[in-house]
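Each residue of the sequence shown is one higher than the one before, starting from 1 at the first, in UniProt numbering.
Quick reminder that beta carbons are idealized off the backbone N, C-alpha and C, glycines included.
Computed from a predicted structure; not experimentally measured.
Scroll down for the structure; my scribbles are underneath it.
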Amino acid sequence: MKKKVNIESRCTGAELKIRALAFSEKFTFLRKVIANRLNIVRPVKNIGLTLLLIAITLLNSSSTFYRTDAKVDVIVIDAGHGGKDPGNIGKQAREKDIALKLALKLGEYIEKNMPDVKVIYTRKDDRYLALDERAEIANRNKADLFICIHANSHSNSKAFGTETFTMGMHVDERNLQVAKRENSVILMDENYKERYEGFDPNSPESYILFTLTQSAYQESSLSFAQKVEAQFKNKVGRFSRGVKQAGFVVLWRTTMPSVLIEAGFLSNGAEEKFLLTNDGQDLIASGIYRAFKDYKSEVESIN
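The structure is reproduced here in C-alpha cells:
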C-alpha cells in the first residue's frame, strides 16, 4: 500500500485529472453497453442498483488509464425545441425561435474567427428533433463539446438572469423543475420509455439514475459552464444566476463535455425584449463564443 501511494505522488495534477476522466469515460461507456445488451425496459431503480454494483466493481479493479489528445476542434450547437415544440412562450417570443437565432449567431462567430473548428448544428431551421436525436448528432460526429441553448421561464415574472446547467443531481427544487420542463418533451416521442431506457420525466426515482451516468465529463463541463456565466456577468452585463446541475436527458445521452444554457427569462418583460433584439442576441452569442475560445485554449494547453 505504501508503494502505491509513492507512485501516485509522482503524478502531476494534469495527469491525475486525465486519469480520473479516463476512468469516468470507461464507466459511461460501460453503462451504455449494458443498456443495449439488456434492452432495458425495467424500472429505473433496478437499473440504478445494477449500475451501482458495476461501478463499485470497476472502481476497485480498474488500474489502467490512457492519455488522449486534448483537442477541441468539433463543436455541436443545439438550438432547443423547434417545430411542434415551441418551448417557453413569452408575450411576443417563442423559445424555439430565440434559441435558433442564438445558435446560428454563435456558430457564425466561431466559423468566422476559428476556422480550425468544425461547427455542427442540430438544426438550422424550425424543425422538431427528439432529445436522443440531438445527442446522437453530437456522438456520431465525435464532438469535443456540446452546447444546448434555451430560454427560461418562471411563474414569477420578476425572475431574471442567465444560468448554465451541467449534468448532475439537482440541489434544490427549482433546478429539478427546470429539468422536468425540458425533459417533458420526450413525451412527444413514440415509444419514449424504450428510447430513453425507462426514464420517466415526472418520476423522482428516474433522476437517481443520473448520479451514476454522466460523471465522465463533469469537470470539463463545469469548467466551460463557469466561463460562460463569467462572460455573461463580466462582459455582457447580464445578471448571472450561476452554474447549476440537474438531470437533463439531452446532456445525459451525450458522450462529451456538455452544457445547457438558459439565456434569460421570456416570462420577464425586460429580458424578453432584450432577447428579441439583434443587439441582445449578438451580446449573448458573443459571450458564449469568448467562453468557448477560453475553454479551447485552456484544454489544449494541457498537452
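- Beyond the five residues adjoining it in sequence on each side, L129 comes within less than 7 Å, by CB distance, of G82, T122 and R123 in the same chain, given in chain order.
- Nearest neighbour of P115 by Cα position, chosen from K293, S301 and I302, turns out to be K293.
- Apart from the 5 residues on each side of it in sequence, G87 sits with its Cβ closer than 8 Å to the Cβ of G80, H81, R94, E95, K96, A99, H150 and A151 in its chain, given in chain order.
- When DSSP states are grouped into helix, strand and coil, K118 belongs to the strand group.
- K84 carries a coil assignment under DSSP once its states are collapsed to helix, strand and coil.
- For Q92, there is no enclosing beta strand (DSSP E), as DSSP marks it with neither H nor E.
- For K84 and G247, the gap between their C-alpha atoms comes out near 23 Å.
- For F224, the enclosing alpha helix (DSSP H) has its first and last residue at Q218 to N234.
- Between the segment 262-277 and the segment 151-165, the count of Cβ pairs shorter than 8 Å is three or higher; the stretches touch.
- Collapsing the DSSP output to three states places S297 in a helix.
- If one requires a minimum length of 3 residues, the beta strand (DSSP E) runs lying completely within the segment 117-156 are 118-121 and 145-152, in chain order.
- Taking K112 as reference, the option from W252, S286, F224 and Y295 with the minimal CA-CA separation is S286.
- Nearest to W252 by C-alpha distance, out of E136, D125 and F232, is E136.
- The secondary-structure analysis by DSSP pairs V249 with nothing; it has no beta-bridge partner.
- A residue is called buried once 16 or more other Cβ atoms fall within 10 Å of its Cβ, and T277, having fewer, is exposed.
- In the three-state scheme derived from DSSP, where H, G and I count as helix and E and B as strand, L266 is classed as coil.
- Distance from the Cα of G168 is smallest, within the candidate group D73, A70 and L260, for L260.
- Linking E300 to S155 through their CA atoms gives a straight-line distance of about 42 Å.
- Apart from sequence neighbours up to five positions away, the residues of its chain that approach D78 with a beta-carbon distance below 6 Å are T122, R134 and C148, ordered along the chain.
- DSSP places A70 outside any beta strand (DSSP E), giving it a letter other than H or E.
- Looking at the DSSP output, A79 bridges to I149.
- Scanning its chain for C-beta atoms nearer than 8 Å, with the 5 sequence neighbours on each side dropped, one finds around G107 the residues I77, V119 and Y121, in chain order.
- Taken through DSSP and simplified to helix, strand or coil, F239 comes out as coil.
- A check of alpha carbon separations from F224 across K235, V243, K71 and V74 identifies V243 as the nearest.
- By the CB criterion at 9 Å, A143 and I75 fall inside the cutoff.
- In the three-state scheme derived from DSSP, where H, G and I count as helix and E and B as strand, I261 is classed as strand.
- Sorting K235, S258 and Q231 by C-alpha distance to the C-alpha of S221 places S258 at the top.
- Residue state for K158 is assigned as coil, using DSSP reduced to three classes.
- Spanning the alpha carbons of Q226 and E163 requires a straight line of approximately 10 Å.
- Separation of A138 and L131 (C-alpha to C-alpha, rounded to the nearest whole angstrom) is 11 Å.
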